[in-house]
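So the sequence lines, in the order shown, correspond to chains A and B.
Under the numbering used here, the letters of the first sequence match residues -9 to 290, in that order.
Under the numbering used here, the letters of the second sequence match residues 5 to 438, in that order.
For every residue, glycine included, the Cβ atom is placed at its ideal position computed from N, Cα and C.
The structure under discussion appears below in the form of structure tokens.
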Amino acid sequence: MATGKPTVTDRSYKFDFVGKGKIWFIVSTVIILAGTVMFFVRGFNYGIDFLGGNLLEVKFKQEISVTELRKVMEETGYGKAILQSTASDQYIIRTVPITTQEKTRIIDSLDKKIGIIKPLVQDRNVAAGFSKQIIKYTLIAVAISIAGILIYVWIRFEVRFALVAIFEMLHDLFIVLSFYTITYREFNTTSIAVILTILGYSLNDGIVIFDRIREEIRINKKEKFSDLVNYSVNKTLARTLTTGTMTLFPIIVILIIGNETLKDFAVGLLIGIISGSYSSIFIGSPLIVAWNNRFQKYKK
Amino acid sequence: MKQNRLNLIVLGIFIIVIGLSIWSILVNPIKLGLDLEGGTQVILKATQLQAADTGTSGTEQNSGSISSAAIDKAMLIMLNRIDKLGISEPLVTKDYSNNIVIQLPGVDEPDKAVELIGKTAQLEFKIVKGIDENGEYELGPALITGDKLSNASAGYDSNGQVVVQFSFNSEGAAEFEKITSENIGNPLAIVLDGEVKSAPVIRSVISGSGVIENIGSLEEAKDIALVLQTGALPVNLEIQEVRTIGPTLGQDSLQQSILAGIIGLILIAIFMVAAYRGLGLVSLLGLASYIALFWGILSILKTPLTLSGIAGIILTIGVAVDANVLIFARIKEEMAKGKSKLASFREGFKNALKAIIDSNVTTLITAAALYRFGTGPIRGFAVTLAMGVIISMFTAIILVRSILFLMINSKIMTPKFIGVKIPKTQIPKTQKEH
């Protein structure tokens, strides 16, 4: 921007985010619609946190194929167990809720027939109704943070910013939920943690852009609102991209080197952070202009 | 140079606090959560005890509402049992909805320990009124319960059978004497958690002690003795979740996330210096202080670090540098307008501050909601997220500001250091400030 004579009133911008708003609304709508369709067709791939059940992760003394392990599980009477390989000699075995005695029987049988390394890698047993509480309190947490943010942004900015902020948050929430239904990735308590994390983080970029718009409105009252918004998004673009990229660095490293537990967390965060930056730039700014054009009070 | 003195004081305070923080890290190592250290976590839901002890309140169904005093008492009793089992460093806490969460690092037989810790162990003595058509005992009300015991131990009776011997405390002994004297010739049922263990006929007045018969093994007798010693739980407990993380999985997760954090930090450092040159270098000082303070506070608070806590830390690294990115972008913008170094720095910090505060407050609002209504791991995340946001405000804004303002008149603070290209005509302007 450092051309010969930079002036305060120079409000030229490079990218027209507001004008292209419709395209991005369509993109988001398609993703969320696909997610919703998949939700009704197939639903979430709930983990044992939600369905109740038992999960054993076992490291065997030797490498073993899924078919071989399946055979052993059938012989033990748990042919329907879900088997997932986490290494060539390591498996996650998911069954319905079982008693301690039944679990001991499975472990003994695996030990006798294949040989396992003790202690187990992990072992979880969840009662069937447990998730009801998690869902209830998650919904409360989501509702309270949305209400809190609505009030805060309303006080610090204006009601139109507050409503757009909430829209952005919900957008990111639904994008992440759609990610889980479309990819059929396991939906468990980690996913809930990811969703809540996104809730806390997704608005950062949006607020920075709002702050710039707020400032520009004050400095220049005559300018067309859509130009002010475009200018503000462009001015903050370098920051949005820089911060977004840096936040993603450790997450991408985890995706490359992490174990399944860590990856589970990182994948959701990756989607959520990208969606957070995307919605702040491409969804929030056209939306606030659209809101302005709709209500006479703000028209310029 | 009043300004400089203030900045030096700020810098001095930071150096002292960071020193203390590093000292604390060395003295108190970070406590690890179960998902990183390995161990067993149990979530128990408390439900009302069956109203059997009064015998008259069969219709009373107080489901759901359990007093928090009862839960606190149950937690204390369980802690006592864990202690007697010889498990070190247990953690018994209550969560958002009055579930009891027990964490046991490194137990050999988690299932057995869990069963024992959560056993109600309600010992009752009831007069047998008769036997119904199914062969079940018809029992009178509980005349005396296990909370008046003074001791219990496993042993053998004269026939070589495994028994649990118990003795009453003085109050219990007096009561038991009265009960037995009034019921000579009647069978007295000894009921443990609703199961009639034996129903011997009272032949004479008994006061101080007695035995529980029909116990499978000496091991079982020892377990019963242990739970009787610690007292009955005032509530019934249903196991909601038992989770055992083996030591290798926890170690893997910890090492990988630390490695990811380090590699991520290195990448961030390269990126910051590439984008903001000297300013980027100064912000790295802020980031290093941020990590030292964060780690230090974690070690002082003794909150166990969990996997989701690490997720929070990793996310806040982004938040911490973000403040500097915002500030530096604003400084460069001001300088591009042709303002002096000092004015640009002042304006840059001032203009960025609002955005930083507003975005951080929205994050804090969510963290507070997560802390209040989140489950265990989510709470851990909320704590680290909030800590990170608050600490980063100090390091990225106050500390970095002091360092930059102290440096502002030195020779190294060139446009190249700041990373801006200033048109040649404007250079004299930037040297005029003081």
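Asked, Found
"Check whether the region 42 to 50 of chain B and the region 92 to 112 of chain B are in contact - that is, three or more C-beta pairs closer than 8 Å.", "yes"
"For the candidate residues 88/B, 179/B and 377/B, whose alpha-carbon lies nearest to that of residue 134/A?", "377/B"
"What three-state label does DSSP hand residue 171/B in the structure shown?", "strand"
"Can you find a CB in chain B that lies within less than 7 Å of the CB of residue 273/A?", "no"
"For residue 236/A, return the contacting residues in chain B, with the cut-off set at a CB-CB distance below 9 Å.", "268, 271, 272, 275, 276, 321, 322, 325, 326 and 329"
"Just the Cα atoms here: how many angstroms apart are residue 24/B and residue 215/B?", "58 Å"
"Using the beta-carbon count (16 or more within 10 Å), is residue 285/A buried or exposed?", "exposed"
"Counting only the same chain and skipping the five closest in sequence on each side, list residues whose C-beta sits under 8 Å from that of residue 58/B.", "Here residue 58/B scores only 43 on pLDDT, less than 50, and its place in the model is too uncertain to base an answer on."
"On a CA-only basis, which of 216/A, 183/A and 272/A is nearest residue 315/B? Give me that one, please.", "183/A"
"What residues of chain A sit near residue 239/B, judged by a beta carbon separation below 8 Å?", "Going along chain A, no residue has its Cβ under 8 Å from residue 239/B, so there is no contact; the nearest lies around 17 Å."
"Pull up the distance between the alpha-carbon of residue 51/B and that of residue 371/B, whole angstroms please.", "30 Å"
"For residue 123/A, which residues in chain B fall below 7 Å Cβ to Cβ?", "101"
"Once the 5 residues before and after residue 187/B are set aside, which same chain residues still bring their CB inside 8 Å of it?", "131 and 206"
"Name, please, each residue of chain B whose Cβ falls closer than 8 Å to the Cβ of residue 112/A.", "247, 248, 249, 250 and 253"
"So, at 7 Å on beta carbons, what are the nonlocal neighbours of residue 193/A in its own chain, with the 5 sequence-adjacent residues on each side left out?", "139, 155, 158 and 159"
"Could you check what DSSP says for residue 355/B in three-state terms: helix, strand or coil?", "helix"
"Three-state secondary structure (DSSP) at residue 423/B?", "coil"
"Sorry if obvious, but does the Cβ on residue 205/B come closer than 6 Å to a heavy atom of the ligand SAM?", "The model on display carries no ligand, and the ligand SAM is accordingly not part of it."
"Using Cβ-Cβ distances below 8 Å, what residues of the region 366 to 381 of chain B are close to chain A?", "366, 367, 369, 370, 371, 372, 373, 374, 376, 377, 378, 379 and 381"
"Just checking, does the region 309 to 327 of chain B make contact with the region 245 to 259 of chain A on the three C-beta pairs under 8 Å criterion?", "yes"
"Please identify, using Cβ separations under 7 Å, the residues of the region 145 to 165 of chain A that lie next to chain B, in order along the chain.", "146"
"What do you get for residue 204/B, buried or exposed, if any count of 16 or more other CB atoms within 10 angstroms of its CB means buried?", "exposed"
"Smallest Cα separation from residue 88/B: which of 287/B, 401/B and 233/B?", "233/B"
"Looking at the structure shown, is residue 2/B part of a helix, part of a strand, or coil, going by DSSP?", "Nothing can be reported for residue 2/B, as the shown portion of chain B is limited to 5 through 438."
"For the region 217 to 229 of chain A, which residues have a CB atom closer than 7 Å to at least one CB atom of chain B, in sequence order?", "228 and 229"
"Quick check on the burial criterion: 16 or more other C-beta atoms within 10 angstroms. Buried or exposed for residue 19/A?", "exposed"
"Alpha carbon to alpha carbon, how far is residue 267/B from residue 244/A?", "10 Å"
"For residue -8/A, which residues of its own chain have a beta-carbon under 8 Å away from its beta-carbon, when the five flanking residues on both sides are left out?", "Unreliable positioning characterises residue -8/A in this predicted model, as indicated by a pLDDT of 42, which lies under 50. A coordinate reading is not provided."
"Specify the secondary structure class of residue 142/A as computed by DSSP and reduced to three states.", "helix"
"Do you know how far the Cα of residue 82/B is from the Cα of residue 99/B?", "16 Å"
"By Cβ distance, which residues of its chain are closer than 7 Å to residue 439/B, with the 5 residues on each side in sequence left out?", "One cannot answer for residue 439/B here, as it falls past the ends of chain B, which runs 5 to 438."
"Would you mind telling me which residues of chain A sit closer than 8 Å to residue 359/B, beta carbon to beta carbon, in chain order?", "197, 198, 201 and 202"
"Listed in chain order, which residues of the region 88 to 106 of chain A have Cβ atoms closer than 9 Å to some Cβ of chain B?", "90, 93 and 94"
"Within this structure, are the beta carbons of residue 42/A and residue 116/A separated by less than 7 Å?", "yes"
"What three-state label does DSSP hand residue 88/B in the structure shown?", "helix"
"Can you give the Cα-Cα distance for residue 94/B and residue 364/B, rounded to whole angstroms?", "35 Å"
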